[in-house]
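Student: Here the sequence shown is numbered in my numbering, starting from 9 and rising by one per residue. Glycine residues also receive a C-beta, built at the ideal position from the N, C-alpha and C atoms. Mind looking over this structure? Questions follow.
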Amino acid sequence: MRLLPFVPLLLLLLMPASQASSAVTGNASTANPIQHVVVIVQENHTFDNYFGTFPGANGIQNDPATVQPFHLTGQVFDLCHSTACGHEAYDTGKMDGFLRAEGSNETFGHYTQSDIPYYWSLAQNYTLFDNYFTSAMGPSLPNHLYLVAGQDAGVADALSGQISKLNIGSIANELESANDSWSYYSPYVVGNENALGLVSSIAHSSTMLAKMKQTEQFLVDLQSGNLPDVSYIMANDGLNEHPPYSVAAGEQWAKSIIGAIQASPYWGSTAILLTWDDYGGWYDHVAPPQVDRYGDGFRVPLLMISPFAKQGYIDHTLSDHTSILKFMERVFNLPSVTQRDGAASDLIESLNSNYITQYTEDSILPQGTPTYSNLTPSALDAYAHNPGIRLAYMNTQNKSQEVVFWGALRNGLNQTVQLAEATGTLPAGKTLQVQFVFQNQPAGAYSLNVIALSEAGVAVSQPLRLVLNMTAAA
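Put into structure tokens, the structure is as follows:
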């Protein structure tokens with residue numbers, strides 16, 4: 009690979025407009041048929057627990073001989089789904105610790121079509137994902153953090169006492185910066201099922217807090233013609249399917265929300281994503297891939313309900329909660345919030361030809377965790393920061409690609425202070441190390457926006473944003 013030193017900001021102005029706009033945030037294209045994304049998050053059920061007997065899906069027919077699944081009837085009780093119980097059940101990938109973790113064979117119980125007929129009907133008429141995982145091997149809160157922020161910020165379990173506000177980014181911040189509207193509908197101002205309320209930039213902004221609304225307000229906004237571009241919806245207690253609450257009651261609540269959207273003028277421009285936040289202690293036979301030390305966690309169902317979703321389609325693409333962020337980033341042309349969503353699949357393969365022709369799959373995807381160097385300067389020179397960032401990108405195509413990588417270093421005022429270029433050839437299916445080095449920067453908080461372009465200037469990756477803090481010399 010040929011690595012060029014930093015180049016002046018003038019080069020950014022010389023780039024074609026299509027290239028420059030690809031490297032920063034922007035609104036969804038007017039040609040984009042999806043103008044609204046609605047994310048509905050219910051609680052505590054694995055894929056096998058709800059769709060283990062769904063025809064054609066990777067379900068309980070693939071359980072090991074030591075597992076005896078059975079149809080659940082009557083009252084069920086809350087099972088242990090802490091991070092500790094999750095890892096005991098996982099047992100370093102052997103998936104044989106569920107009985108030990110729960111102390112009851114109830115963990116092997118499952119529902120059938122007769123118990124959740126509406127959910128099965130959605131799967132038969134839209135797209136069901138059977139290789140979709142939670143992002144953290146644990147309970148609600150860390151997974152809700154991944155659903156909005158692409159990370160758990162070190163929060164491993166549920167709220168206990170007062171947790172300080174988290175100085176992290178979120179999809180809401182990206183939407184706000186791009187002037188895309190959003191609302192978060194929840195019975196809680198902050199809690200295990202409202203992780204967005206823990207993000208400090210939101211908790212301390214009256215403008216952002218005004219978009220945190222009670223669950224009941226969603227139907228009011230929908231029916232008054234004020235559906236945001238992005239909506240997150242959490243059910244009230246008793247309707248969220250968290251044991252021992254009624255599964256049927258939760259299903260009917262979800263049906264009321266989805267049915268109202270389908271009956272509204274917004275249906276023709278909306279994609280609904282219905283999922284469950286964590287595994288709830290229920291068994292699932294698929295060992296989750298370990299993308300880092302936090303996750304993935306166990307499989308849960310995901311349904312794509314939209315006029316653009318493939319009908320009766322089972323999507324086997326590896327994905328997780330951060331794929332929901334990636335989907336929004338693709339639809340609204342936003343940069344990634346973290347490395348996790350930057351490397352996630354984007355769910356686009358579930359959409360039919362009416363939509364998919366307008367986009368191509370990411371052909372260059374970031375891999376692993378970036379490494380940083382020279383973030384602390386010499387004590388002799390306050391401007392001696394020469395930060396280096398090394399990233400890995402993989403070519404997902406079956407052909408070699410010539411790629412130009414652009415890295416734009418931006419200061420706390422969101423101004424581009426340096427721009428770097430790196431070029432390279434990526435063989436089919438191979439990974440390439442990309443390094444950017446910037447020179448003579450003062451201490452402070454910076455962001456680095458990275459995008460890969462073909463030689464013709466067409467974006468072949470989604471924008472990836474990294475945050476770095478250069479400390480002052482001691």
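1. Whole angstroms is fine: what's the gap from Ser-122's alpha carbon to Pro-395's?
2. Taking Ala-416 as part of the beta strand (DSSP E), name the residues at either end of that continuous run.
3. Per the DSSP calculation, Asp-323 is bridged to which residue(s)?
4. With a 10 Å radius around its C-beta and 16 neighbouring C-beta atoms as the bar for buried, classify Leu-153 as buried or exposed.
5. Looking only at its chain, what residues have a beta carbon closer than 6 Å to the beta carbon of Ser-381, apart from the 5 residues adjacent to it on each side?
6. When you compare only the Cα positions, how much space is there between Asn-66 and Gly-246?
7. Given a cut-off of 8 Å on the beta-carbon distance, is the pair Pro-309 and Phe-116 in contact?
8. Across which residues does DSSP place Trp-284 in a beta bridge pair?
9. Confirm, please, whether the CB-CB distance from Ile-48 to Ile-265 is below 8 Å.
10. Let's see if you can read the secondary structure: which residues bound the beta strand (DSSP E) around Glu-259?
11. I need the boundaries of the alpha helix (DSSP H) containing Gln-225, first residue and last residue.
12. Any heavy atom of the ligand SAM closer than 7 Å to the Cβ of Asn-341?
13. Quick check on Leu-359: does DSSP put it in helix, strand or coil?
14. Would you mind giving the Cβ-Cβ distance between Asp-292 and Phe-444, rounded to the nearest angstrom? I have them listed as a contact below 8 Å.
15. Are there 16 or more other CB atoms within 10 angstroms of the CB of Val-475, so buried, or fewer, so exposed?
16. Tell me the DSSP bridge mates of Leu-149?
17. Could you pull out every residue in the same chain whose Cβ sits closer than 6 Å to the Cβ of Ser-239, ignoring the five residues on either side in sequence?
18. Using CA coordinates, which residue listed in Leu-204, Ile-241, Asp-138 is at the minimum distance from Lys-263?
19. Taking the alpha-carbon positions, what's the Asp-165 to Gly-432 distance?
20. Measure the C-alpha to C-alpha separation of Phe-226 and Asp-237 and round it to an integer number of angstroms.
21. With Val-339 as the anchor, note down where its alpha helix (DSSP H) starts and where it stops.
22. Quick check on the burial criterion: 16 or more other C-beta atoms within 10 angstroms. Buried or exposed for Leu-21?
Tutor: Reading from the atomic positions:
1. Working through the sequence shown from its first residue, we reach residue 122 at position 114. Working through the sequence shown from its first residue, we reach residue 395 at position 387. Their Cα atoms are separated by approximately 59 Å.
2. In the sequence shown, counting from the first residue as 1, residue 416 sits at position 408. Looking at the DSSP string, the run of the beta strand (DSSP E) that includes Ala-416 is 409 to 418.
3. Reading the sequence shown from its first residue, position 315 is the one you call residue 323. In the DSSP output, where bridge partners are listed per residue, Asp-323 has Phe-137.
4. For the purposes of this step, residue 153 is taken as the residue at position 145 of the sequence shown. The residue is buried, with at least 16 neighbouring Cβ atoms inside 10 Å.
5. Residue mapping note: residue 381 aligns to position 373 of the sequence shown, counting from 1. Correct list, in chain order: Gly-396.
6. For this step, residue 66 is matched to residue 58 along the sequence shown. For this step, residue 246 is matched to residue 238 along the sequence shown. In this structure, the straight-line span from the alpha carbon of Asn-66 to that of Gly-246 is close to 30 Å.
7. Counted from its first residue, the sequence shown places residue 309 at position 301. Counted from its first residue, the sequence shown places residue 116 at position 108. With a cutoff of 8 Å on beta-carbon distance, Pro-309 and Phe-116 are scored as not near each other.
8. Indexing the sequence shown from 1 puts residue 284 at position 276. Residue pairing by DSSP places Trp-284 opposite Gln-50 in a beta bridge.
9. As a first step, residue 265 must be located in the sequence shown, where it is residue number 257. As a first step, residue 48 must be located in the sequence shown, where it is residue number 40. Yes, Cβ-Cβ distance for Ile-265 and Ile-48 is below 8 Å.
10. Counted from its first residue, the sequence shown places residue 259 at position 251. Not the beta strand (DSSP E): Glu-259 falls in the alpha helix (DSSP H), residues 255 to 270.
11. Translated into positions along the sequence shown, residue 225 becomes position 217. Start and end: 225 to 231.
12. You won't find the ligand SAM in this model; it holds no ligand whatsoever.
13. As a position in the sequence shown, residue 359 is number 351, starting the count at 1. In the three-state reduction of the DSSP assignment, Leu-359 falls in the strand class.
14. Numbered from 1 along the sequence shown, position 284 holds the residue referred to as residue 292. Numbered from 1 along the sequence shown, position 436 holds the residue referred to as residue 444. With a contact defined as Cβ atoms closer than 8 Å, Asp-292 and Phe-444 miss out at about 40 Å.
15. Residue mapping note: residue 475 aligns to position 467 of the sequence shown, counting from 1. By the 10 Å Cβ count, Val-475 comes out exposed.
16. As a working note, residue 149 is residue 141 in the sequence shown. Bridge partners of Leu-149: none, in fact.
17. Within the sequence shown, the letter at position 231 stands for residue 239. The answer, listed in chain order, is Val-46, Ser-191.
18. Locating residue 263 in the sequence shown gives position 255, where the first residue counts as 1. Comparing Cα positions, the closest option is Ile-241.
19. Here residue 165 corresponds to residue number 157 of the sequence shown, with the count starting at 1. Here residue 432 corresponds to residue number 424 of the sequence shown, with the count starting at 1. Approximately 42 Å between the Cα atoms of the pair.
20. What you label residue 226 is simply residue 218 of the sequence shown in a count that begins at 1. What you label residue 237 is simply residue 229 of the sequence shown in a count that begins at 1. Between Phe-226 and Asp-237, the C-alpha separation is close to 13 Å.
21. One-based indexing of the sequence shown puts residue 339 at position 331. According to the DSSP assignment, Val-339 belongs to the alpha helix (DSSP H) that extends over 329 to 340.
22. Stepping through the sequence shown from its first residue, residue 21 is reached at position 13. Because the pLDDT of Leu-21 is 24, which lies under 50, any placement of that residue in the model is unreliable, and the number read from its coordinates should be weighed accordingly. Around the beta-carbon of Leu-21, fewer than 16 other beta-carbon atoms lie within 10 Å, marking it exposed.
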